[in-house]
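**Student:** Below: one structure in structure tokens.
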Amino acid sequence: MLRWQEEAKCAGDDPGRYVLDEEPHRVPPAQRGPQARALCDGCPVRAFCAADALDHDDIGVVRAGVWIPAVIPGPRGAVQRALLAEAHRRWR
Ligand code: SF4
Numbered sequence: 034m035l036r037w038q039e040e041a042k043c044a045g046d047d048p049g050r051y052v053l054d055e056e057p058h059r060v061p062p063a064q065r066g067p068q069a070r071a072l073c074d075g076c077p078v079r080a081f082c083a084a085d086a087l088d089h090d091d092i093g094v095v096r097a098g099v100w101i102p103a104v105i106p107g108p109r110g111a112v113q114r115a116l117l118a119e120a121h122r123r124w125r
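Residue 34 is where the sequence shown starts when you use the numbering used here, and the numbers rise one by one after that.
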């Protein structure tokens, strides 16, 4: 485990809580964005998490307060922009 992962809000949490389209933690599609933001709200390592998600092209999971669907209709640009914005937030 990397140092930033040890400081994550979700450290020790059930990883299934971050997969919003599968039981037992399935969330209706319209609520997945707000749920993702709520899960990661206040996490001190969101920037690292966003960069890591981009590096590994993560899908089907919440990362850095962003729900990344496994199947995205159309280009993935919106999700990538949201993750990049989070990744750069600490340099503002
Ligand atoms: S931003 Fe969210 S998914 Fe990423 S480490 Fe923090 S709590 Fe976990």
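No residue lacks a Cβ here, since even glycine has one placed at the ideal position from N, Cα and C.
1. With a floor of 4 residues, list each alpha helix (DSSP H) that falls wholly inside the region 56 to 106, ordered by position along the chain.
2. Quick check on DSSP: helix, strand or coil for A118?
3. With distances taken Cα to Cα, identify the nearest neighbour of V99 among D46, L35 and A83.
4. R123 lies in the alpha helix (DSSP H); which residues open and close that run?
5. CA-CA distance, A41 and L116?
**Tutor:** According to the structure shown:
1. 65 to 73 and 79 to 89
2. helix
3. A83
4. Note, R123: premise wrong, no alpha helix (DSSP H); not H, not E.
5. 16 angstroms
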